[in-house]
Amino acid sequence: MKKLFILIFLFLYSYNIHSQVLIALLLGDKLNSGKIEFGLDGGLNFARIGNMDSNSFSRELNIGFYFDIKMKEQWYLNTGVLVKSTLGIDNLTEQDLNFLGATTYDAEGEYKQRINYFLVPALAKYKFKNNIHAELGPQFGLATKAFIQFDSDVEGNEARIRETNTDMINRFDVGIAAGVGYRLLKGLGWTIGARYYYGFLDVYKDRSGTKNSSLFLKLNVPIGLSLEKKEEAKAMKASIKEKRANKKEAKKARKQQEKINENI
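Here it is, written out as structure tokens:
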């Protein structure tokens, strides 16, 4: 049931999932161990590119997989790959379009820059005992495709045109990422969080100051549980069951005492 739900999650959140994610999904139980946690990493990012006339954030979904590798006590190395991740900027102005040499169309619509990346974090992650974590470290990006997207909707007639401009883009990106998160179900469930990324390298070859920045709203879904986590989950379920039984017995005893008091 859990894996079926995750497959539905994948279908809803990504229409073009790479085969690596599907393989990882099938092997998730085997990848988890006492010192390594594996799972799916997905969510929504709000991105923009610096030193452009437009200041509008793009909004795109992303998905990939992550590893939490235990280093020492509560310290972990967080890494993985976002295999479907798109950065860029929305509402390109006439000045931006002239710089990009983009084709313009005689129709109302919005121009956007989109850049597809593989993103690889390598973050030091500290897990507090209250199931909150903080993380900080470098993140690396490899651009696979870039294009200017024109979206038009005139009287219900929708159009989308993409013009490739990958040659204008620096293929490699590196920057700093920092984030926080909270793990649900007393540290045994999914993790929700946010991560901010700021790039150090220029996005465009011919304009300085064009740095990537993005706020990622994240959901991490562990695939399978290590033996240690399974024992914790089992102990937690047993504790909940015991508390419910004690509460039921206490309620029963209270009712019996009330009847005795009524007969006196």
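143 is the number of the first residue of the sequence shown in the working numbering; add one for each residue after it. Cβ atoms here follow ideal geometry from the backbone N, Cα and C, with glycine treated the same way. No experiment lies behind these values; they were computed from the predicted model shown.
Exposed or buried, which one is Asn403 when buried takes at least 16 other CB atoms within 10 Å? Exposed, by the Cβ-count rule.
Check your understanding: The alpha helix (DSSP H) spanning Phe241 covers which residue range?
Key -> Membership of Phe241 in the alpha helix (DSSP H) is indicated by the continuous run Glu236 to Leu242.
Can you give, in chain order, each stretch of the beta strand (DSSP E) that sits fully within the region 263-317 and has at least 3 residues? Segments of the beta strand (DSSP E) lying fully in the region 263-317: 274-296 and 299-306.
* What's the call for Met194, buried or exposed, on a 16-neighbour Cβ count within 10 Å? -> Answer is buried; the Cβ neighbour count reaches 16.
What's the C-alpha gap between Ser227 and Ala264?
Going by the C-alpha atoms only, they are around 16 Å apart.
Within 7 Å, strictly: CB atoms of Gly181 and Asn362 = The answer is yes: Cβ separation under 7 Å.
Assuming the contact rule is C-beta atoms closer than 8 Å, Ala266 and Gly279 should be a hit. Round their C-beta distance to whole Å, please. By a beta-carbon distance limit of 8 Å, Ala266 contacts Gly279. Their separation comes to about 5 Å.
Sorted by chain position, which residues of the same chain lie with C-beta nearer than 7 Å to Ala276's C-beta, five sequence neighbours on each side aside? Excluding sequence positions up to five before and after Ala276, its CB lies within less than 7 Å of the CB of Tyr268 and Val322, all in the same chain and listed in chain order.
Practice task
Would you kindly check if the distance between the Cβ of Glu305 and the Cβ of Thr245 is under 7 Å?
Solution key: Annotated as proximal: Thr245 and Glu305, with beta-carbon spacing under 7 Å.
task: Could you name the residues that DSSP lists as bridge partners for Thr352?
output: Answer by DSSP bridge pairing: none, since Thr352 is not bridged.
Is Ile430 helix, strand or coil when you go by DSSP? Lying outside 143 to 406, the shown extent of the chain, residue 430 is not represented and no answer is given.
ask   = Can the beta-carbon of Tyr338 be found less than 7 Å from the beta-carbon of Met310?
value = Judged by their CB atoms, Tyr338 and Met310 are not nearer to each other than the 7 Å cut-off.
Open item on the list: Just to confirm my understanding: we take Ala387, look at its own chain, exclude 5 residues before and 5 after, and list those with CB closer than 8 Å. What are they?
Closed with: For Ala387, where only same-chain residues beyond five positions count, there are no Cβ hits under 8 Å.
*Three-state secondary structure (DSSP) at Gln216?*
Gln216: coil per DSSP, three-state reduction.
Same chain only: Cβ atoms within 6 Å of Leu224, ignoring 5 sequence neighbours per side
These residues qualify, in order along the chain: Asn204, Gly206 and Leu261.
Since Asp238 contacts Ser200 with CB under 8 Å, what's their CB separation in whole angstroms?
At roughly 13 Å, the Cβ-Cβ gap does not stay under 8 Å, so Asp238 and Ser200 are not in contact.
Would you report the Cα separation of Gly341 and Asn354, rounded to the nearest angstrom? Rounded to whole angstroms, Gly341 and Asn354 show a C-alpha spacing of 5 Å.
Is the separation between the beta-carbon of Ser356 and that of Ala189 shorter than 7 Å? Ser356 is a Cβ neighbour of Ala189, given a cutoff of 7 Å.
Counting C-beta neighbours from all protein chains within 10 Å, is the total for Lys360 16 or more, i.e. buried, or is it exposed? Buried.
Item to complete: May I ask whether a heavy atom of the ligand SAM can be found less than 6 Å away from the beta carbon of Asp293?
Response: Looking at this structure, you won't find the ligand SAM or any other ligand, since it has none at all.
* Pick from Asn187, Ile257 and Ala249: whose alpha carbon is nearest that of Asn307? -> Minimum Cα-Cα distance from Asn307 among the listed residues Asn187, Ile257 and Ala249 corresponds to Ile257.
| Applying the criterion that 16 or more other CB atoms from any shown protein chain within 10 Å of the CB defines a buried residue, is Arg313 buried or exposed? | Exposed, since its Cβ has fewer than 16 Cβ neighbours within 10 Å.
Practice item. Measure the beta-carbon distance from Asp315 to Ala288 and round it to whole angstroms, keeping in mind my assumption that it falls under 8 Å. Key: A Cβ-Cβ separation of about 12 Å leaves Asp315 out of contact with Ala288 under the 8 Å criterion.
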